[in-house]
Structures are given as C-alpha cells and as structure tokens.
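A.B. asks: Each residue of the sequence shown is one higher than the last, beginning at 1 in the UniProt record's numbering. We put the CB at the ideal spot given by N, CA and C, even for glycine.
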Amino acid sequence: MEKFLVSRDKNGLVWFTINRPEKRNAIDYDVMDGLAKIINYVEENDSDKILIITGAGNKAFCSGGDLNAFHSLLTQEDAYKMLSKMGGILYKLLTLSKPTVALLNGVAIGGGCELATACDYRLGSTDGSVGFVQGRMGITTGWGGATMLLEKMPYENALQMLMSAEVFSAIDGYKKGFIHKVIGPDNLLGECEQFISKQIIHNINVLTAYKNVAIRKWQESNIKARMFEEIETCSHLWATKEHHTAVKEFLETKI
Ligand SMILES: CC[C@@H](C(=O)O)C(=O)SCCNC(=O)CCNC(=O)[C@H](O)C(C)(C)COP(=O)(O)OP(=O)(O)OC[C@H]1O[C@@H](n2cnc3c(N)ncnc32)[C@H](O)[C@@H]1OP(=O)(O)O
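1) Taking the alpha-carbon positions, what's the Tyr91 to Lys81 distance?
2) With distance defined between alpha-carbon atoms, name the residue in Ala209, Thr117, Met86, Asp9 nearest to Phe228.
3) Decide yes or no for the touch test of the region 104-115 against the region 51-59: beta carbon pairs closer than 8 angstroms, at least 3 of them.
4) State the start and end residues of the unbroken beta strand (DSSP E) segment that holds Trp15.
5) Could you tell me which whole alpha helix (DSSP H) segments of length 4 or greater appear in the region 62-137?
6) Just mark Glu252 as buried or exposed, buried being the case when its beta carbon has 16 or more other beta carbons within 10 Å.
7) Helix, strand or coil: which one does DSSP assign to Gly184?
8) Give every residue of the same chain whose Cβ lies closer than 7 angstroms to the Cβ of Tyr76, excluding the five residues on either side of it in the sequence, and list them in chain order.
9) According to the neighbour-count rule (16 or more other Cβ atoms, all chains shown, within 10 Å of its Cβ), is Lys248 buried or exposed?
10) Is the beta carbon of Trp238 within less than 6 angstroms of some heavy atom of ligand 1?
11) Is it buried or exposed, Ser197, if we count other Cβ atoms within 10 angstroms and call 16 or more buried?
12) Quick one: grab the DSSP three-state call for Ser7.
13) Anyone know if the C-beta pair for Val133 and Ala170 falls short of 7 angstroms?
14) Pair every Cβ in the region 205-213 with every Cβ in the region 142-159, then say whether three or more of these pairs are closer than 8 angstroms.
15) Near Asp28, what residues of its chain come up, given a Cβ to Cβ distance below 6 angstroms and the 5 sequence neighbours on each side ignored?
16) If we count the other Cβ atoms within 10 Å of its Cβ and call it buried at 16 or more, is Ile39 buried or exposed?
17) Determine the direct distance from the alpha carbon of Met1 to that of Gly110, and round the result to whole angstroms.
18) Please classify Asn45: is it buried, with 16 or more other beta-carbons within 10 angstroms of its beta-carbon, or exposed?
19) Could you give the first and the last residue of the continuous alpha helix (DSSP H) run that contains Ile53?
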C-alpha cells in the first residue's frame with residue numbers, strides 16, 4: 001500500500017493524503033519525502049493553486065512522528081538529523097507561495113499538529129481532536145511547530161496548548177483559534193472544497209501576492225533560524241531518559 005496519495009483536479013486543487021490509517025497516519029521518512037516532493041511540485045507548477053493535506057480514514061489526520069521508526073534514534077545528533085529534515089520540510093510548507101489547507105479528518109497529535117500549523121488554514125472534523133502532546137513525552141515540538149504556532153495564534157492560547165500538552169476537542173481547538181472551521185464528518189471533502197471556493201479566490205497572482213506578504217514578514221523575523229533553534233532544543237531533550245522511557249511505554253502498551 002502506498003504510504004501517501006496525491007491527486008489533482010482541474011481547478012488547481014492538489015490533495016496530499018497520508019495513507020497509513022493503521023498507524024494513525026504517522027510520519028516516517030517515506031511520508032516526509034513524499035511531502036517534500038509535492039511541496040516543491042506545487043511551488044513550481046503554475047496550474048497548481050492550493051495544496052490540501054489530509055489523512056486517510058476517519059480516525060486520524062496524523063499521529064506525529066512514527067514512534068516505531070524513530071525510537072532507535074537515541075542520541076542528540078541522530079534525533080537532530082530526523083527533526084531538522086522534517087523541520088526543513090515544514091518551513092518549505094509554511095513559505096509555499098500558494099495557500100495550504102490542513103483538513104483534519106480525525107485526531108491531530110504531536111507532530112500532526114505541527115504539520116497542521118504549517119498550513120494556512122485548518123479545517124477540523126467535529127469528531128476530531130488536537131493536541132501538542134510532546135510535553136508528555138519529555139520533549140518539545142521538534143519540527144518547528146511552536147515557533148509557527150506562536151506566529152499564528154493568540155499568545156495565551158498557543159502557550160496553553162503547548163504547555164498543557166492537553167488534547168482538545170475540535171470545537172475547543174476552534175474556540176482557541178487553532179481551527180478555522182469545524183465541519184461535520186459526513187462530507188468532509190465536499191465541505192472543504194466549499195470552504196475553499198468561498199474563502200479563497202482562484203486567481204493565482206492574487207493568492208501568491210498575499211502569501212508573499214506573510215512570507216516576507218516571517219523571513220524578516222528570521223523564522224527559519226528560530227525554527228531550527230527550537231529543533232536543536234528538542235534534539236537535546238530527545239536524548240534524555242525521560243523521553244526514551246515515555247516512547248518505550250507507548251510502544252510496549254501496544255504490544
Ligand atoms: C517525532 C516527532 C515529534 C514532534 O516533533 O512533534 C512527535 O510527533 S512526538 C508525538 C508522537 N505521537 C504520539 O505520541 C501519538 C501516539 N499515538 C496516540 O496517542 C494514539 O495512537 C492516537 C493517535 C491518539 C490514536 O489512538 P487510537 O485511535 O486509540 O489508536 P491506537 O493508539 O490503538 O493506535 C493504532 C495503531 O497506530 C499505531 N500508532 C499510533 N500513533 C503512532 C505513532 N505516532 N507512531 C507509530 N505508530 C503509531 C499504534 O501503535 C497502533 O498500532 P498497532 O498496535 O500495531 O495496531
């Protein structure tokens with residue numbers, strides 16, 4: 001089974017679907033590579049106008065980094081290699097010159113919330129939930145997610161989401177300003193397309209012009225360097241006993 005799916009329509013909508021529902025759409029290196037490729041492709045291809053990222057199935061948008069694939073990364077150096085690879089991809093997603101939408105078809109956890117944060121719009125199924133749970137695992141966001149979140153959300157709400165490491169319902173995520181619109185689970189794709197057709201006009205020159213205003217602001221405040229400082233900090237926490245114990249506990253309870 002392909003770990004991700006890509007489709008395009010005649011209106012310039014490009015869909016990237018993480019296709020690992022049995023792992024709650026966790027991100028491993030193959031998914032990272034697929035994401036990097038589609039971001040570059042959408043950037044270069046004039047007929048692609050809007051990138052939508054979602055997950056397969058109705059349980060999860062994305063459960064973050066693949067704990068099975070990454071639990072063998074024990075040292076700070078090894079963790080940094082993985083974290084900075086994905087951090088670089090999320091920076092490219094953040095600064096894609098075209099609008100991006102995260103369609104949260106279920107739970108978004110850990111790095112799944114970081115992926116969603118890198119997108120311009122977050123639409124969430126009413127039966128989904130969102131949680132920056134990294135703190136429970138003895139680490140911080142490791143893909144630059146806190147830096148992006150603090151740019152995009154009211155300060156107190158962003159801080160609460162990060163520091164509490166709590167999982168919030170999609171409705172609460174909406175009230176906090178993380179999710180832009182909550183939609184019923186029965187017609188997610190249709191409602192997402194409707195949102196896009198009403199909220200985002202399709203003149204590519206207008207879209208890229210506005211997006212570039214935001215990108216210039218982020219670049220002037222050195223967002224890339226700030227994201228990579230966050231990644232470096234996380235890589236140190238990654239190498240601690242507390243983190244390795246938390247990951248081991250998660251994996252062992254699943255056996
Ligand atoms: C590494 C980067 C770092 C960052 O920078 O942010 C992170 O992302 S840290 C956060 C990592 N993610 C998590 O801690 C989430 C762990 N998963 C869960 O809490 C739950 O699975 C869920 C996402 C809330 C879904 O719960 P539920 O629907 O009850 O499913 P299960 O728990 O039974 O899981 C089904 C199946 O999926 C496997 N799974 C889930 N998440 C991951 C994951 N992140 N990596 C690898 N595998 C994952 C889980 O092990 C089950 O597998 P089987 O036992 O083989 O069926």
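C.D. replies: Result, derived from the coordinates:
1) Rounded to whole angstroms, the separation of the alpha carbons of Lys81 and Tyr91 is 15 angstroms.
2) Checked all of Ala209, Thr117, Met86, Asp9; the closest Cα to Phe228 is Met86.
3) Judged by pairs of C-beta atoms under 8 angstroms, the region 104-115 touches the region 51-59, as three or more such pairs exist.
4) Per DSSP, Trp15 belongs to the beta strand (DSSP E) from 13-18.
5) When DSSP assignments are scanned along the region 62-137, the uninterrupted stretches of alpha helix (DSSP H) that are 4 or more residues long and fall wholly within it turn out to be 67-70, 76-94, 111-118.
6) Exposed.
7) Assigned with DSSP and collapsed to three states, Gly184 falls in coil, not helix or strand.
8) Tyr is not the amino acid found at residue 76; the sequence shown has Gln there. Excluding the 5 residues flanking it on each side, Gln76 has same chain C-beta neighbours closer than 7 angstroms at Ser235, His236, Trp238, Ala239, in chain order.
9) Answer is exposed; the Cβ neighbour count stays below 16.
10) At a threshold of 6 angstroms, Trp238 does not count as near ligand 1, since its beta carbon sits no closer than that to any of the ligand's heavy atoms.
11) By the 10 Å Cβ count, Ser197 comes out exposed.
12) If DSSP states are grouped into helix, strand and coil, Ser7 belongs with the strands.
13) Not a contact, by the Cβ cut-off of 7 angstroms.
14) The region 205-213 makes no contact with the region 142-159: fewer than 3 CB pairs, one atom from each, lie closer than 8 angstroms.
15) These residues qualify, in order along the chain: Asp66, Ala69.
16) Looking at its Cβ environment, which holds 16 or more other Cβ atoms inside 10 Å, Ile39 is buried.
17) Computed Cα separation, rounded: 24 angstroms.
18) Residue environment: Asn45 is assigned as exposed (fewer than 16 neighbouring CB atoms within 10 Å of its CB, all protein chains considered).
19) Looking at the DSSP string, Ile53 is not in any alpha helix (DSSP H); the run it does join, the beta strand (DSSP E), is 50-55.
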